[in-house]
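Position one of the sequence shown corresponds to residue 7 (the numbering used here), numbered consecutively onward. Even glycine gets a Cβ: it sits at the ideal position worked out from N, Cα and C. Below is one structure, written out as structure tokens; comments come after it.
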Amino acid sequence: MEQQTRIRLADLKGNWSLVTGASSGIGLEFARQLAALGTHLVLIARREAALQELAGKLQQEYGIETLIIPADLSSPADLETIFSTVKARQIQPLLVVNNAGSGCVVDVANADRHVMTRMINLNVRSVTEISYYYLQEMIRNQRGGMINVASIVSFQPVTYMATYAASKAFVLHFTEAIAEEAAKWNLQVMALCPGTTRTEFFDSANAGDWLKRFKGMSAGQVVSTALRSFDAGKRVCVPGLKYKLISCVTRFIPRGYLTRASKSIFQKSLRSRPEQSTSQE
């Protein structure tokens, strides 16, 4: 088989893309903007009603096909269901967006270890399994691309969001490494590291009202920047000049200072909402 050049956004029209965490926030915006490019969509999230509503709107507005799969990506059984369902429909996604994730603000004394384990399963295990499964399929087809959603906190430890920040650091480093490996087959793989984004995430991640008022980027801005970066062949995308600077500067700041600084920031969330809660998209 003749080796293809890396995919561009224009190649998505008429092909399939797969988006996890598609029912809200960044995932929903990926679905919208990809649909506008003419790509058919596999939409995955926990909330079936939200997926059905989104699929109906996208079909009507853009004339695309959709396949919705309600699933909890922290469940290994649900991951296998996704793989088998997509395969049974003979769908081979040209682009995969690993967006689903969860996080919470909590201290070590009150953290529920089962909640933390589910977070790792969702943020780390599902990204790993989906990445290997579909990249190996893309290697066989010698064409495809992937966007894994990490975070601005991927670049530093974050006190009171210890598990979340560590899981997103994994996503960044994992994605950078597999991007180098996949380049041999001209596969385009990119990590997206958004900063504060105005989504439902902060409504349920135990972030205090003061943090929700922090001016961030819209999901639309984040996704449009991500797609431009992907089209340009970048391996890491940090949307927004402010967040680009943060990602660079943190490399030169002592680690102890970073943990103390994040402690002072997220301590306010613990005081305003001491109960533990999580956000999953």
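Cβ-Cβ distance between residue i and residue j below 8 Å
i	j	result
Val103	Leu73	no
Ser29	Thr165	no
Ser173	Met223	no
Thr203	Ile50	no
Val244	Ile158	yes
Arg234	Ala197	no
Val130	Phe161	no
Gln39	Val229	yes
Leu64	Leu34	no
Asp113	Leu276	yes
Range covered by the alpha helix (DSSP H) that runs through residue i
i	result
Gln227	225 to 237
Gln66	54 to 68
Val195	Taken as a continuous stretch (DSSP letters only), Val195 belongs to no alpha helix (DSSP H), being part of the beta strand (DSSP E) at 194 to 198.
Val255	247 to 255
Ile259	Ile259 -> no alpha helix (DSSP H), and no H or E assigned at all.
Thr123	119 to 126
Residue i versus residue j: straight-line alpha-carbon distance, rounded
i	j	result
Met122	Leu264	22 Å
Ile271	Leu193	39 Å
Asn96	Gln273	Checking the sequence, you will find Gln at residue 96 rather than Asn. Near 49 Å, if we compare the C-alpha coordinates of Gln273 and Gln96.
Gly107	Asn154	11 Å
Thr26	Asp237	20 Å
Gln148	Ala37	24 Å
Leu24	Pro163	30 Å
Ala16	Leu101	12 Å
Phe258	His179	18 Å
Glu71	Glu187	32 Å
Thr11	Gly69	28 Å
Gly141	Ala232	Per the sequence shown, residue 141 should be read as Leu rather than Gly. If you take the alpha carbons of Leu141 and Ala232, they lie about 19 Å apart.
Ala156	Gln66	31 Å
Ala77	Glu54	8 Å
Lys93	Pro99	10 Å
Coil, strand or helix - residue i by DSSP
i	result
Trp216	The predicted model places Trp216 with a pLDDT of 46, which falls under 50 and marks its position as unreliable; any figure quoted below should be read in that light. Here Trp216 sits in helix by DSSP.
Met167	coil
Asn104	strand
Leu79	coil
Val177	helix
Leu43	coil
Thr284	Its pLDDT being 44, under 50, Thr284 is placed unreliably in this model, and the value from its coordinates should be taken loosely. Residue state, collapsed to three classes: coil.
Val159	helix
Val244	coil
Val87	Per the sequence presented here, residue 87 reads as Thr, with Val not at that position. Three-state result, Thr87: helix.
Thr265	helix
Ile13	coil
Ile50	strand
Ile32	helix
Ile97	coil
Distance between beta carbons of residue j and residue i, contact taken as under 8 Å
i	j	result
Ile184	Ser137	6 Å
Val111	Met167	6 Å
Ser90	Ser132	Their Cβ separation, rounded to whole angstroms, is 15 Å, which puts Ser90 and Ser132 out of contact at 8 Å.
Val2	Gly151	This structure leaves residue 2 out entirely; the chain is present only between 7 and 287.
Gly109	Tyr170	4 Å
Endpoints, beta strand (DSSP E) assigned at residue i
i	result
Asn147	It is not in any beta strand (DSSP E) - Asn147 instead sits in the alpha helix (DSSP H) that spans 132 to 147.
Val111	First-last for Val111: undefined, no H or E at that position.
Ile153	151 to 155
Val25	22 to 26
Any chain C beta carbon closer than 8 Å to residue i
i	result
Asn21	Any reference to chain C falls outside this structure, which holds one protein chain only.
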